[in-house]
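**Q** If you read the protein sequences in the order shown, they are chains A, Z, H and R.
So the first sequence is numbered by the numbering used here: it starts at 174 and just counts up by one.
So the second sequence is numbered by the numbering used here: it starts at 518 and just counts up by one.
So the third sequence is numbered by the numbering used here: it starts at 413 and just counts up by one.
So the fourth sequence is numbered by the numbering used here: it starts at 3 and just counts up by one.
Every residue gets a Cβ at the ideal spot worked out from N, C-alpha and C, and that includes glycine.
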Amino acid sequence: MAKDVGGFPRRWVCSVSLVSETSVVDVRDAVVLLGSFPALAEATLTIERGELVVVQGANGAGKTTLLRLCAGLVPLARGTARVMGHDVGSNRAAVRANVGFLGHANGLYADLTAGENLSFWSDVVGASRTEVAAAAHRMGLSERLLSTQVGRLSAGQKRRTALAVMAVRRATLWLLDEPHAGLDAPGRDEIDTLLRDAVAAGATVVVASHELERSASLATRRIEVVGGRIVESGGHS
Amino acid sequence: MSASRIVGVARAVASKDLRIEWRSRVMTNQVLPFAAIVMVLFAFALDNDGILQRVAPGLVWMATLFASLVVVQRSFAVESADSAIDALRLAGVPSQGVYLGKVAALVVQLVVCEAVLAALALILYRVNVDRHGAVLLVTTCILGSLGIAALAAVYGGLSVADRGRETLLPLLLLPALAPVLIGATRATESAFGSDGARAAEGWPWVGLLAVFGAIFLFGGTLGFGPLTDE
Amino acid sequence: MSNAQTSVPPPTRTATTRNLGLIAILGSVVLALLGLFFTAEDVVQGSSVRIMYVHVPTAWVAYLAFVFTAVCSAGYLRGKKHSLNLDRLAGASAEVGVIFMGLTLVTGSLWGRLSWGTYWDWDPRLTTTVFLFVTYVGYLAVRGLGGTQQQRAKRSAIVALFAVIEIPLVHFSVLLWRSLHQEATVLRPNGDVRMDGLMLFSLVFGVAVFTVIFAWLVLHRNRVLALVDAVEMRGIDAALAARHAEGVPT
Amino acid sequence: MKHADFIVISWVLSFLPIAFYAWRNARRARQLDPLVEKSDKPWT
Chain A
174 MAKDVGGFPR
184 RWVCSVSLVS
194 ETSVVDVRDA
204 VVLLGSFPAL
214 AEATLTIERG
224 ELVVVQGANG
234 AGKTTLLRLC
244 AGLVPLARGT
254 ARVMGHDVGS
264 NRAAVRANVG
274 FLGHANGLYA
284 DLTAGENLSF
294 WSDVVGASRT
304 EVAAAAHRMG
314 LSERLLSTQV
324 GRLSAGQKRR
334 TALAVMAVRR
344 ATLWLLDEPH
354 AGLDAPGRDE
364 IDTLLRDAVA
374 AGATVVVASH
384 ELERSASLAT
394 RRIEVVGGRI
404 VESGGHS
Chain Z
518 MSASRIVGVA
528 RAVASKDLRI
538 EWRSRVMTNQ
548 VLPFAAIVMV
558 LFAFALDNDG
568 ILQRVAPGLV
578 WMATLFASLV
588 VVQRSFAVES
598 ADSAIDALRL
608 AGVPSQGVYL
618 GKVAALVVQL
628 VVCEAVLAAL
638 ALILYRVNVD
648 RHGAVLLVTT
658 CILGSLGIAA
668 LAAVYGGLSV
678 ADRGRETLLP
688 LLLLPALAPV
698 LIGATRATES
708 AFGSDGARAA
718 EGWPWVGLLA
728 VFGAIFLFGG
738 TLGFGPLTDE
Chain H
413 MSNAQTSVPP
423 PTRTATTRNL
433 GLIAILGSVV
443 LALLGLFFTA
453 EDVVQGSSVR
463 IMYVHVPTAW
473 VAYLAFVFTA
483 VCSAGYLRGK
493 KHSLNLDRLA
503 GASAEVGVIF
513 MGLTLVTGSL
523 WGRLSWGTYW
533 DWDPRLTTTV
543 FLFVTYVGYL
553 AVRGLGGTQQ
563 QRAKRSAIVA
573 LFAVIEIPLV
583 HFSVLLWRSL
593 HQEATVLRPN
603 GDVRMDGLML
613 FSLVFGVAVF
623 TVIFAWLVLH
633 RNRVLALVDA
643 VEMRGIDAAL
653 AARHAEGVPT
Chain R
3 MKHADFIVIS
13 WVLSFLPIAF
23 YAWRNARRAR
33 QLDPLVEKSD
43 KPWT
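#1: How big is the Cα-Cα spacing for V598/H and E644/H?
#2: Are V256/A and V205/A closer than 8 Å when you measure CB to CB?
#3: D177/A by DSSP, collapsed to three states: which one?
#4: Could you check the C-alpha separation between W13/R and T539/H for me, to the nearest Å?
#5: Give the interface partners of L246/A over in chain H, defined as CB-CB distance under 7 Å, in chain order.
#6: On a CA-only basis, which of L346/A, C243/A, T303/A, E363/A is nearest P352/A? Give me that one, please.
#7: If you drop the 5 nearest sequence neighbours on each side, which residues of the same chain put their C-beta closer than 6 Å to that of Q594/H?
#8: Do V323/A and V285/A come within 8 Å of each other at the CB atom, strictly closer than that value?
#9: For chain H, check one thing: does any of its Cβ atoms lie closer than 8 Å to the Cβ of K4/R?
#10: Let me see if you follow: with CB-CB separation under 8 Å, is V587/Z close to chain B or not?
#11: If you run the structure through DSSP and keep just helix, strand and coil, what is G324/A?
#12: Compare the C-alpha of G710/Z against each of A584/Z, A632/Z, P574/Z, L660/Z and name the closest.
#13: Tell me Q229/A's beta-bridge partners as DSSP assigns them.
#14: When DSSP builds the beta bridges, which residues end up paired with P19/R?
#15: If you draw a straight line from the C-alpha of F478/H to the C-alpha of A267/A, how long is it?
#16: Taking beta-carbon pairs under 7 Å, can you tell me which members of the stretch 561-582 of chain H lie near chain Z?
#17: Can you pull out the residues from the stretch 208-241 of chain A whose beta carbon lies closer than 7 Å to at least one beta carbon of chain Z?
#18: Closer than 8 Å between beta carbons: that is the criterion. Which residues of the stretch 536-562 of chain Z meet it against chain A?
#19: Taking CB distances under 8 Å as the criterion, tell me whether R201/A reaches chain Z.
#20: Mind checking whether V621/H and L443/H have CB atoms under 8 Å apart?
#21: What does DSSP give as the partner residue(s) for E405/A in the beta ladder?
#22: A638/Z and M556/Z: beta carbons closer than 8 Å?
#23: Determine the direct distance from the alpha carbon of L725/Z to that of G700/Z, and round the result to whole angstroms.
#24: Could you tell me the alpha carbon to alpha carbon distance between L563/Z and L569/Z, rounded to whole angstroms?
#25: Going by beta-carbon coordinates alone, are F543/H and A695/Z separated by less than 8 Å?
#26: Quick one: does R265/A have its CB under 8 Å from some CB of chain H?
#27: Restricting to Cα atoms, I'd like to know which of T334/A, I220/A, W294/A is closest to M312/A.
#28: Let me know if D357/A comes out buried or exposed under the rule of 16 or more other beta-carbons within 10 Å of its beta-carbon.
#29: State buried or exposed for K331/A, treating a residue as buried only when at least 16 other CB atoms are found within 10 Å of its CB.
#30: Are the stretch 27-44 of chain R and the stretch 451-471 of chain H touching by the rule of at least three beta carbon pairs closer than 8 Å?
#31: In three-state DSSP terms, what is W45/R?
#32: Anything in chain A within Cβ reach of G673/Z, meaning under 9 Å, just list it in chain order.
#33: At least one CB of chain H closer than 8 Å to the CB of A278/A: is that the case?
#34: Starting from P469/H, follow the alpha helix (DSSP H) in both directions and report where the run begins and ends.
#35: Which word fits V630/H, buried or exposed, when buried means at least 16 other C-beta atoms lie within 10 angstroms of its C-beta?
#36: Tell me, please, whether the CB atom of A376/A is closer than 8 Å to any CB atom in chain Z?
In structure tokens:
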């Protein structure tokens with residue numbers, strides 16, 4: 174399964190040079206089935222490096238599935254999907270090494286503190302302590318928050334911890350599903366700032382969002398998912 | 518994927534799992550009392566010292582088997598509760614490391630469980646263990662736990678990672694663990710001296726446990742990734 | 413209408429399956445004549461030995477089926493193309509294996525009632541059989557978990573390989589367990605049979621007949637599973653059209 | 003039950019489920035046949 178893992182350059186510096194050759198996301202006529210229901214129905218989408226794409230659409234239109242496909246979390250029934258030049262179907266490990274995905278869940282262990290969560294992920298991906306500290310600082314996680322169990326954090330604090338984990342994992346493609354959900358106004362602004370910073374630092378960001386006026390200011394491009402297919406709606410702003 | 522990286526991931530996963538267990542106290546507050554009450558209830562149900570001493574080894578391992586179902590489900594529920602399993606899949610983490618880490622944490626928890634159960638058997642059922650028997654007992658517990666954990670982590674990953682599949686775990690796991698139940702029970706009988714068994718008679722059974730553990734640890738290391746990562 | 417339908421040959425039939433079917437029916441009739449009438453009664457077991465001619469072949473072919481499932485599963489995993497047909501063959505074979513193993517259990521306990529006076533005894537063979545029966549019921553449950561066809565194939569292929577490793581381990585441990593404890597005082601079902609030439613021939617013939625039945629069932633079942641998969645794939649087209657229509661304002 | 007009954011029951015129980023399985027399988031095949039094209043049946 175993971176046959177290409179060994180030869181793949183894991184350090185993101187290398188993958189950035191790959192990215193400059195090809196589109197970050199290149200999805201063509203993708204069909205993704207949830208059971209027998211086509212959540213994505215021949216969707217086609219290209220995303221270039223450094224874009225901040227906001228994905229809009231009604232509930233059940235296929236936004237989440239589109240993000241999960243880009244992360245290699247759902248199998249492709251038909252069509253092709255390449256992320257950073259790697260085939261999502263056959264070379265998932267290479268895709269995932271570069272992808273940070275934040276869905277409705279945060280992927281954190283509630284019984285561990287925020288700091289323990291961060292250091293677990295840094296152990297697992299082989300990041301250094303300084304990288305962890307930098308990520309925590311960037312997401313505004315104070316010492317007090319870091320030593321609090323994740324189960325006791327607020328929704329916004331959990332989100333920030335999850336984003337810090339993503340930064341520790343050195344993701345170059347950020348896939349965020351409704352990152353603003355459950356946050357108050359300052360929290361939302363914070364997220365927006367973080368996303369702009371990430372793009373400025375060389376990452377590509379795809380955000381699925383309900384909020385039209387917010388995303389209008391955030392996005393470099395807006396697309397809309399309708400009935401499992403992708404419709405470009407807003408141009409470059 | 519280099520071996521040192523796999524070991525590193527395994528260590529991180531195992532210590533993370535054990536820390537979570539330590540903190541949430543599910544083991545001490547729920548699993549152990551459950552296992553203990555099984556032992557006590559059997560004492561009431563059988564109500565005969567002679568029979569209790571004879572069946573004590575089997576009871577210890579039956580209780581361990583049932584406790585293992587709870588422990589395994591818990592081990593993977595921790596991963597799926599906030600979709601950390603997705604994050605693990607996504608992080609490009611070698612699945613072999615995740616598997617070995619999960620197995621290691623499960624082994625530790627199962628050995629703790631067995632130690633308590635064996636102690637209960639000694640007290641409640643008045644079983645005696647000499648020094649040779651104690652060595653045999655400890656070896657049996659470790660290798661028996663390894664066999665259970667090696668298989669349970671694979672089937673647990675398959676059946677608990679997604680909701681609505683929990684009933685699959687006992688169906689897949691329990692028949693496959695028959696050799697462990699048989700081997701560990703016989704070895705423990707020898708250690709306890711039940712039915713006049715001598716400790717030396719237990720070692721062939723320990724061999725069976727070792728073979729079982731080795732085979733499925735190897736198979737699980739290969740199969741866990743493809744099986745759980747869909 | 414249903415009568416008219418049943419007179420049409422099923423769409424899974426080919427010349428091969430028809431011939432296999434004919435051989436199977438003919439063979440079964442001959443086997444019944446041999447087993448029930450022509451062979452002698454056993455010196456020790458008397459007429460109850462006649463159960464052997466169906467009991468042993470079903471058991472034997474069930475094991476064959478499980479090994480075949482594992483071979484197909486390994487082929488699926490190793491193959492570059494990840495052939496779904498191999499996966500369906502594995503599934504069909506396991507289904508038939510579970511049925512045969514179920515038959516083995518039933519006839520085994522009936523035979524036990526005759527020769528041991530009890531329906532169940534912790535005989536190593538019966539014990540192993542019941543564990544494996546449950547194991548493969550679990551395998552079939554894994555096949556039914558859902559997901560895409562390739563997901564199903566990969567998942568079940570790995571479980572099939574685990575299950576086939578369990579066969580010798582379970583059998584060996586059960587054997588060891590019984591051999592160290594109370595040795596049987598009653599008759600062992602396959603043990604104390606003194607075989608003469610015709611009995612031995614009938615037994616081998618029975619194995620051959622049930623192997624043909626197995627091949628016949630698996631071929632048909634494999635094709636039905638292919639039809640099920642094909643219908644699912646065709647259903648996707650309709651579902652896609654319906655999905656596209658969601659976006660169109662009515 | 004007499005001895006012979008056990009034997010007859012064993013034989014019947016061995017073949018009846020197989021026949022039932024084959025019959026159900028054939029019925030399923032006929033149900034599915036109208037829903038597929040010839041290209042879905044490489045054996046024909």
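**A** Let me spell this out:
#1: One-based indexing of the third sequence puts residue 598/H at position 186. One-based indexing of the third sequence puts residue 644/H at position 232. Here V598/H scores only 43 on pLDDT, less than 50, and its place in the model should not be relied on; the value that follows carries that caveat. Cα to Cα, the separation comes out at about 53 Å.
#2: In the first sequence, residue 256/A corresponds to position 83, counting from 1. In the first sequence, residue 205/A corresponds to position 32, counting from 1. No, they are not a contact pair.
#3: As a first step, residue 177/A is located in the first sequence; it is residue number 4 there, counting from the start. Confidence is the limiting factor: at D177/A the pLDDT is only 37, short of 50, which leaves the residue's position unreliable and the question unanswerable from this model.
#4: What you label residue 13/R is simply residue 11 of the fourth sequence in a count that begins at 1. What you label residue 539/H is simply residue 127 of the third sequence in a count that begins at 1. The alpha-carbon atoms of W13/R and T539/H are separated by roughly 22 Å.
#5: Counting from one through the first sequence, the residue named residue 246/A turns up at place 73. By Cβ distance, chain H contributes nothing, its closest Cβ being about 12 Å from L246/A, past 7 Å.
#6: If you number the first sequence from 1, residue 352/A lands on position 179. Comparing Cα positions, the closest option is E363/A.
#7: Position 182 of the third sequence, counting from 1, holds the residue named residue 594/H. With a pLDDT of only 43 at Q594/H, under the threshold of 50, the placement of this residue in the model should not be trusted; the figure read from the coordinates follows. Here the set comprises nothing.
#8: Counting from one through the first sequence, the residue named residue 285/A turns up at place 112. Counting from one through the first sequence, the residue named residue 323/A turns up at place 150. A quick correction: the sequence has Leu, not Val, at residue 285/A. Yes, these two residues count as a Cβ contact at 8 Å.
#9: The count along the fourth sequence starts at 1 and reaches residue 4/R at position 2. Among the CB atoms of chain H, none fall inside 8 Å of the CB of K4/R.
#10: No chain B appears in this structure, whose protein chains are A, Z, H and R.
#11: Walking along the first sequence from the start, residue 324/A turns up at place 151. G324/A falls in the helix class under three-state DSSP.
#12: For the purposes of this step, residue 710/Z is taken as the residue at position 193 of the second sequence. When only C-alpha atoms are compared, the closest one is P574/Z.
#13: Here residue 229/A corresponds to residue number 56 of the first sequence, with the count starting at 1. Listed as beta-bridge partners of Q229/A by DSSP are E397/A.
#14: Here residue 19/R refers to the residue found at position 17 of the fourth sequence. P19/R pairs with nothing; no bridge assigned.
#15: Numbered from its first residue, the third sequence carries residue 478/H at position 66. Numbered from its first residue, the first sequence carries residue 267/A at position 94. Computed Cα separation, rounded: 36 Å.
#16: Q563, K566, R567, I570, F574, I577, E578, L581, V582
#17: none
#18: R536, I537, R540, S541
#19: Counted from its first residue, the first sequence places residue 201/A at position 28. Judged by the 8 Å Cβ criterion, R201/A is not in contact with chain Z.
#20: Taking the first residue of the third sequence as position 1, residue 621/H is located at position 209. Taking the first residue of the third sequence as position 1, residue 443/H is located at position 31. Against a cut-off of 8 Å, the Cβ pair of L443/H and V621/H comes out as a contact.
#21: On the first sequence, residue 405/A is found 232 positions in, with the first residue counted as 1. DSSP output for E405/A lists I396/A as bridge partner(s).
#22: Indexing the second sequence from 1 puts residue 638/Z at position 121. Indexing the second sequence from 1 puts residue 556/Z at position 39. Cβ distance < 8 Å, so A638/Z and M556/Z count as in contact.
#23: By one-based count along the second sequence, residue 700/Z stands at place 183. By one-based count along the second sequence, residue 725/Z stands at place 208. About 6 Å.
#24: By 1-based counting over the second sequence, the position of residue 563/Z is 46. By 1-based counting over the second sequence, the position of residue 569/Z is 52. Just so you know, the alpha carbons of L563/Z and L569/Z end up roughly 7 Å apart.
#25: What you label residue 543/H is simply residue 131 of the third sequence in a count that begins at 1. What you label residue 695/Z is simply residue 178 of the second sequence in a count that begins at 1. Cβ atoms of F543/H and A695/Z: closer than 8 Å.
#26: Here residue 265/A refers to the residue found at position 92 of the first sequence. No, no contact with chain H.
#27: Position 139 of the first sequence, counted from the first residue, corresponds to residue 312/A. Comparing Cα-Cα distances from M312/A to each of T334/A, I220/A, W294/A, the minimum goes to T334/A.
#28: Within the first sequence, residue 357/A is the residue found at index 184, counting from 1. Exposed is the call here.
#29: The count along the first sequence starts at 1 and reaches residue 331/A at position 158. Buried, by the Cβ-count rule.
#30: no
#31: Within the fourth sequence, numbered from 1, the residue matching residue 45/R stands at position 43. Coil at W45/R, not helix or strand.
#32: Here residue 673/Z refers to the residue found at position 156 when the second sequence is read from its first residue. Going along chain A, no residue has its Cβ under 9 Å from G673/Z, so there is no contact; the nearest lies around 17 Å.
#33: For the purposes of this step, residue 278/A is identified with residue 105 of the first sequence, where counting begins at 1. No, A278/A lies away from the interface with chain H (no Cβ there is under 8 Å from its Cβ).
#34: Numbered from its first residue, the third sequence carries residue 469/H at position 57. Here the alpha helix (DSSP H) through P469/H covers 464-490.
#35: Mapped onto the third sequence, residue 630/H falls at position 218. Its Cβ being crowded by 16 or more others within 10 Å, V630/H is buried.
#36: On the first sequence, position 203 is the one that residue 376/A refers to. By this cut-off, A376/A is not an interface position.
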